[in-house]
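Peer 1:
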Amino acid sequence: MRAMLLHETRPAEDSPLRLEEVLTPSPAAGQIRVRVSCCAVCHTDLHVVEGELQLPKVPVVPGHQIVGIVDALGEGVQRFKVGDRVGIPWLHSTDGKCEYCKRGLENLCHNARFTGYHVDGGYAEFTCVGEEFAYAIPAMFSDEHAAPLLCAGIIGYRSYRLSGVRGGDRLGLYGFGASAHLVIQFARHLGCEVYVFTRTPAHRELATKLGAAWVGTAEETPPQQLDGAIIFAPAGGLVPLALRVLRKGATLALAGITMSPIPPLDYSLLYQERMLRSVGNSTRQDAREFLQLAGEVPLQTEVQSFALAQANDALLALKHSEIRGAAVLEVGK
Ligand SMILES: [Zn+2]
Ligand SMILES: [Zn+2]
Numbered sequence: 001m002r003a004m005l006l007h008e009t010r011p012a013e014d015s016p017l018r019l020e021e022v023l024t025p026s027p028a029a030g031q032i033r034v035r036v037s038c039c040a041v042c043h044t045d046l047h048v049v050e051g052e053l054q055l056p057k058v059p060v061v062p063g064h065q066i067v068g069i070v071d072a073l074g075e076g077v078q079r080f081k082v083g084d085r086v087g088i089p090w091l092h093s094t095d096g097k098c099e100y101c102k103r104g105l106e107n108l109c110h111n112a113r114f115t116g117y118h119v120d121g122g123y124a125e126f127t128c129v130g131e132e133f134a135y136a137i138p139a140m141f142s143d144e145h146a147a148p149l150l151c152a153g154i155i156g157y158r159s160y161r162l163s164g165v166r167g168g169d170r171l172g173l174y175g176f177g178a179s180a181h182l183v184i185q186f187a188r189h190l191g192c193e194v195y196v197f198t199r200t201p202a203h204r205e206l207a208t209k210l211g212a213a214w215v216g217t218a219e220e221t222p223p224q225q226l227d228g229a230i231i232f233a234p235a236g237g238l239v240p241l242a243l244r245v246l247r248k249g250a251t252l253a254l255a256g257i258t259m260s261p262i263p264p265l266d267y268s269l270l271y272q273e274r275m276l277r278s279v280g281n282s283t284r285q286d287a288r289e290f291l292q293l294a295g296e297v298p299l300q301t302e303v304q305s306f307a308l309a310q311a312n313d314a315l316l317a318l319k320h321s322e323i324r325g326a327a328v329l330e331v332g333k
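Going by the numbering used here, the letters in the sequence shown line up with residues 1 to 333, in that order.
Printed below as a string of structure tokens:
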């Protein structure tokens, strides 16, 4: 099969991924093999190829927002059959028995394995996953429009949950990329007013189009205090700016897998029971709940398509905030 392989981490400008012909994987017991149709490109992929996350496996095929068709079954598979359409997200497997799995926090599992990181992912024509970690996709979504739901959407949903915001509340979003443009849609569907903080002109325009109650920069002060906020941009400098506009007792959720250092915080920004918390991966329940909600809204995903061989170009465009919505690799076309 054809796959984009990462042998050595390098800046996206140096085209770190190489198109190669490799062996098509075979599904192990309990696994399905998926013929990849599309794979959306996530900021985490950029962190992987550029070496901001240490690589547990080299070479590795990145990509963890995969949509495709089941084409082979490992021994004992029952939930899916050949021909079913499925999605594969970041959480590839857990041990099911550590203290976190037992507490219902499998996203924090000691032995979690992640797609396109510990195991080869979706920048390839085929990939394998345990049937318990793949999901049916609501029928109204095309493959390319479903792909960004699988990380941007699921992480956005968990971040929204952890922000403590409920219908009728005012929610702040810092950064308006792949994840935030989905959160604004379901948050509005659930009755929230959404305040968007971004400098990028295309992102400001999209936020307005998607019904933001207010759009400004992080240094600006919205007309009212917010009931919760999510930072998607990996910029620690946003933390004090975001705490400054939250009401007492509100939560600031940090959705990123990495962030530049957070500057010293004046205690008054946090006092009065404001909370600061990160979001670590997501659970299978998050994925199931979110995909159902995505179909109910229904979410509109803005996608920009690239060929598999153009994965380096997609990563570079993402690095420079040049993607409107989400970048998607068209693999099986
Ligand atoms: Zn575990
Ligand atoms: Zn991701």
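Even for Gly, the Cβ is constructed at its ideal location relative to N, Cα and C.
1. Taking only three categories from DSSP, how would you classify LYS81?
2. Would you mind stating whether ALA233 and TYR195 have Cβ atoms separated by less than 8 Å?
3. Within 10 angstroms of the Cβ of LEU23, are there 16 or more other Cβ atoms? Answer buried if so, exposed if not.
4. If we ignore side chains and look at the alpha-carbon of each, how far apart do GLY191 and ARG161 end up?
5. Quick one: is ALA29 buried, meaning 16 or more other Cβ sit within 10 Å of its Cβ, or exposed?
6. Roughly how many angstroms separate the alpha carbons of ARG277 and GLU21, rounded to a whole number?
7. What's the gap between the Cα of PHE306 and the Cα of LEU206?
8. Please list the terminal residues of the continuous beta strand (DSSP E) segment that includes ALA187.
9. Do you know whose CA, among PRO201, VAL34, GLY96, lies nearest ASP71's CA?
10. Rank LEU246, LEU46, ASN111 by C-alpha distance to the C-alpha of GLU13 and give the top, closest one.
11. Rounded to whole angstroms, how far is the Cβ of ALA317 from the Cβ of THR301, which I believe are closer than 8 Å?
12. With 16 as the cutoff for other CB atoms within 10 Å, does GLY63 come out buried or exposed?
13. Give me, in chain order, the residues of the same chain whose beta-carbon lies closer than 8 Å to that of PRO261; leave out the 5 immediate sequence neighbours on both sides.
Peer 2: Working from what's here:
1. Correct three-state label for LYS81: coil.
2. No, the pair does not count as a contact, with Cβ atoms beyond the cut-off.
3. Exposed, by the Cβ-count rule.
4. For the pair GLY191 and ARG161, the Cα-to-Cα distance works out to about 14 Å.
5. For ALA29, the number of other beta carbons within 10 angstroms of its own is below 16, and it is reported as exposed.
6. The alpha-carbon atoms of ARG277 and GLU21 are separated by roughly 42 Å.
7. In this model, PHE306 and LEU206 are separated by some 21 Å (Cα to Cα).
8. It is not in any beta strand (DSSP E) - ALA187 instead sits in the alpha helix (DSSP H) that spans 180-189.
9. Comparing Cα-Cα distances from ASP71 to each of PRO201, VAL34, GLY96, the minimum goes to VAL34.
10. Answer by Cα proximity: LEU46.
11. Separation of the CB atoms of ALA317 and THR301 is rounded to 17 Å, and the pair is thereby denied contact status at 8 Å.
12. In this structure GLY63 is buried. Its beta-carbon is surrounded by 16 or more other beta-carbon atoms within 10 angstroms.
13. Around PRO261: GLY236.
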